[in-house]
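Peer 1: Let me begin by handing over the structure; questions about it come next.
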Ligand SMILES: *[C@@H]1O[C@H](CO)[C@@H](O)[C@H](O)[C@H]1NC(C)=O
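In the working numbering, the protein residues as written are 8 to 545.
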């Protein structure tokens with residue numbers, strides 16, 4: 008068909024509704040052919056108008072009488088699809104027949120329109136009516152999921168990007184998504200990348216690094232806003248699980264661990280337990296203990312339980328050998344971060360050492376005429392313990408003529424306390440007893456055997472004051488008359504007695520002419536024959 012453009016009508020008007028003002032624009036372009044007339048009319052209405060809502064006064068717009076519409080059986084013809092608009096013939100108006108959902112009709116296509124034909128018979132007239140459907144903000148932005156779960160390592164550096172779901176808004180234009188917001192923004196900020204044509208994608212950018220030990224989950228809300236009036240929005244919850252990284256070394260709970268241990272404590276005694284805290288998760292927070300640095304002696308004496316950090320003795324301690332030990336215990340997590348806990352162990356003295364006596368000088372024989380105060384022995388007494396456990400007292404057994412005196416500290420002199428008499432007691436066993444002041448006290452003793460040497464301090468002593476002997480007269484010269492005996496309390500040569508006659512005169516005769524005495528035996532012999540009538544008193 009060949010149409011000639013005969014008329015062009017441009018018409019617009021405003022219609023006010025309580026909420027808003029709609030601009031309904033009408034364009035009519037008519038093409039008049041030879042036999043019939045073809046006109047195209049265009050209306051614009053918002054979507055979602057209720058049934059019966061006014062679309063346009065087609066009779067007036069086309070300049071057709073109502074009566075012509077009735078006589079020509081004017082009607083709306085829709086090819087396929089739904090008929091959204093119907094003709095009110097007696098009013099000459101087009102009204103909404105069925106609710107129009109722009110999103111259903113056109114999806115994201117803009118502009119959105121549908122068309123139908125208005126046919127009037129007798130003579131036949133055909134009008135194409137195009138209705139443009141304007142978007143209203145009847146859809147809120149919607150995210151594909153209600154929640155987003157993410158796992159982000161706490162070691163992630165700032166600047167790392169995490170793509171987020173974009174929201175979808177079925178509306179178009181300003182009613183489509185215009186903006187996004189993320190809250191809170193302590194750790195993440197939002198970056199919106201606009202690729203044009205309503206195509207925005209959003210990313211969360213780490214701006215303050217995460218710390219699992221402070222917060223192991225971060226909850227955020229991403230909101231998408233459209234540009235409608237009023238604005239509609241949609242939200243999605245974002246749950247970020249913060250994954251641990253080994254960013255914490257174990258930290259000793261005390262700056263210094265001190266333990267006191269008695270030196271007599273049995274092997275296996277628990278002294279103390281070091282403990283280091285590691286706030287990391289899993290193996291990153293599992294701490295094991297070992298001795299990092301200690302003297303060879305300390306390593307032989309102490310061990311640390313790798314799991315519990317308990318420090319126990321491996322052997323007997325000896326205060327006298329070493330009083331203080333310093334250990335450095337390494338606390339290491341299974342991720343390899345470590346710290347050192349300092350331990351000081353003080354060994355406490357116990358009275359485990361007996362005092363000792365050492366003879367520095369000793370003369371085992373002393374002359375009986377030694378003056379009072381003569382030194383017999385010098386001893387050194389010691390006790391390896393300390394404090395009262397090492398304070399030593401020294402004494403000797405009672406009832407002997409000796410005493411012990413302290414000369415220098417730890418040195419004692421054993422001296423005579425009385426004059427000695429070998430003839431009375433020739434030998435003494437002197438026991439030196441030392442005791443410390445521990446509780447209970449420990450003792451030692453040493454016995455010195457002292458001999459008293461003889462001094463010739465005793466004269467020989469005759470058994471009798473007078474010896475009387477009888478001899479038969481006319482004896483033969485040389486006969487043994489009598490034996491005299493003198494004893495000497497002294498010893499050895501000092502006790503050997505020799506007998507001599509003292510020079511004397513017996514009735515004019517020297518005694519040595521009458522008798523002789525044996526030097527050794529004390530036997531007296533007659534030297535001449537005696538006569539009863541003579542009497543000698545020797
Ligand atoms: C001294 O001790 C020794 C040995 O125990 C003993 O044989 C001796 O008789 C003792 N001497 C005295 C004077 O007690």
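Glycine included, C-beta positions come from ideal geometry on N, C-alpha and C.
Please classify residue 159: is it buried, with 16 or more other beta-carbons within 10 angstroms of its beta-carbon, or exposed?
Peer 2: With 16 or more other CB atoms across the displayed protein chains lying within 10 angstroms of its CB, residue 159 is buried.
Peer 1: Buried or exposed, going by whether 16 or more other CB atoms sit within 10 Å of the CB of residue 526?
Peer 2: exposed
Peer 1: Residue 197 lies in the beta strand (DSSP E); which residues open and close that run?
Peer 2: 195-201
Peer 1: Can you list, in chain order, every residue whose CB sits closer than 5 Å to a heavy atom of ligand 1?
Peer 2: 434 and 436
Peer 1: When we look at the beta-carbon of residue 153 and count the other beta-carbons within 10 Å, is it buried (16 or more) or exposed?
Peer 2: exposed
Peer 1: Tell me which residues share the same chain as residue 317 and place their Cβ nearer than 6 Å to its Cβ, disregarding the 5 neighbours each side in the sequence.
Peer 2: Counting only Cβ-Cβ distances below 6 Å, and skipping sequence neighbours, we find 277 and 280.
Peer 1: If you run the structure through DSSP and keep just helix, strand and coil, what is residue 502?
Peer 2: helix
Peer 1: On the premise that residue 216 lies in contact with residue 165, defined as a C-beta separation below 8 Å, what is that separation, rounded to the nearest angstrom?
Peer 2: 6 Å
Peer 1: In whole angstroms, what is the alpha-carbon distance linking residue 573 and residue 201?
Peer 2: Any answer about residue 573 is impossible in this case: the structure gives the chain only from 8 up to 545.
Peer 1: In its own chain, which residues sit with a C-beta less than 6 Å from the C-beta of residue 223, not counting the 5 before and 5 after it?
Peer 2: Only 249 meet the Cβ criterion.
Peer 1: At 3 residues or longer, and completely inside the stretch 202-264: list those beta strand (DSSP E) runs for me, N to C.
Peer 2: 207-213, 224-233 and 240-250
Peer 1: Does the beta-carbon of residue 21 have 16 or more other beta-carbons within 10 angstroms, so that it is buried, or is it exposed?
Peer 2: Bear in mind that the predicted position of residue 21 carries a pLDDT of just 40, short of 50, making it too unreliable to give a figure here.
Peer 1: Starting from residue 63, follow its DSSP beta bridges and name the residues at the other end.
Peer 2: 101
Peer 1: For residue 371 versus residue 441, is the C-beta distance shorter than 8 Å?
Peer 2: no
Peer 1: Assign residue 74 to one of three DSSP states: helix, strand, or coil.
Peer 2: helix
Peer 1: Mind the definition here: the stretch 464-480 touches the stretch 436-452 only if three or more C-beta pairs lie below 8 Å; say whether that holds.
Peer 2: no
Peer 1: Are the beta-carbon atoms of residue 327 and residue 283 separated by less than 8 Å?
Peer 2: no
Peer 1: Tell me the rounded alpha-carbon separation between residue 462 and residue 426.
Peer 2: 13 Å
Peer 1: By the DSSP assignment, the alpha helix (DSSP H) with residue 110 in it spans what residues?
Peer 2: Note, residue 110: alpha helix (DSSP H), 109-113.
Peer 1: If residue 459 sits next to residue 429, beta carbons under 8 Å apart, how far is it from one beta carbon to the other, in whole angstroms?
Peer 2: 4 Å
Peer 1: Excluding sequence positions up to five away, which residues of its chain have a Cβ less than 7 Å from the Cβ of residue 151?
Peer 2: So the list reads 172, once near-sequence residues are dropped.
Peer 1: Quick one: Cα of residue 49 to Cα of residue 138, how far?
Peer 2: Roughly 6 Å separates the two Cα atoms.
Peer 1: Apart from the five residues just before and just after residue 196, which ones in its own chain have a Cβ nearer than 6 Å to its Cβ?
Peer 2: These residues qualify, in order along the chain: 212 and 214.
Peer 1: Please report how far the alpha carbon of residue 89 lies from the alpha carbon of residue 190, in whole angstroms.
Peer 2: Computed Cα separation, rounded: 45 Å.
Peer 1: Rounded to whole angstroms, what's the CA-CA distance from residue 71 to residue 51? Just pull it up for me.
Peer 2: 21 Å
Peer 1: Closest to residue 539 by CA distance: which of 518, 519, 506 and 481 is it?
Peer 2: 481
Peer 1: Which residue's Cα is closest to the Cα of residue 452: 485, 401 and 446?
Peer 2: The residue among 485, 401 and 446 with its C-alpha nearest the C-alpha of residue 452 is 401.
Peer 1: Whole angstroms is fine: what's the gap from residue 123's alpha carbon to residue 97's?
Peer 2: 19 Å
Peer 1: Can you say whether residue 148 is buried or exposed, counting buried as having 16 or more other CB atoms within 10 angstroms of its CB?
Peer 2: buried
Peer 1: Kindly give me the distance between the Cβ atoms of residue 184 and residue 231, rounded to whole angstroms, as I take these residues to be in contact under 8 Å.
Peer 2: 5 Å
Peer 1: Where does residue 312 sit, in a helix, a strand or coil, going by DSSP?
Peer 2: coil
Peer 1: Under DSSP, the beta strand (DSSP E) around residue 192 begins and ends at which residues?
Peer 2: Premise fails: residue 192 is in no beta strand (DSSP E) and is neither H nor E.
Peer 1: Does residue 265 pass the burial test, meaning 16 or more other C-beta atoms within 10 Å, or should it be called exposed?
Peer 2: It is exposed - the Cβ of residue 265 has fewer than 16 other Cβ atoms within 10 Å.
Peer 1: In chain order, what residues of the same chain lie with their CB nearer than 6 Å to the CB of residue 247, ignoring the 5 residues before and after it?
Peer 2: 157, 159 and 225.
Peer 1: Report the three-state DSSP secondary structure of residue 406 (helix, strand or coil).
Peer 2: Three-state result, residue 406: coil.
Peer 1: Quick one: give me the first and last residue of the beta strand (DSSP E) that residue 93 is part of.
Peer 2: Where residue 93 is concerned, the enclosing beta strand (DSSP E) stretches over 92-95.
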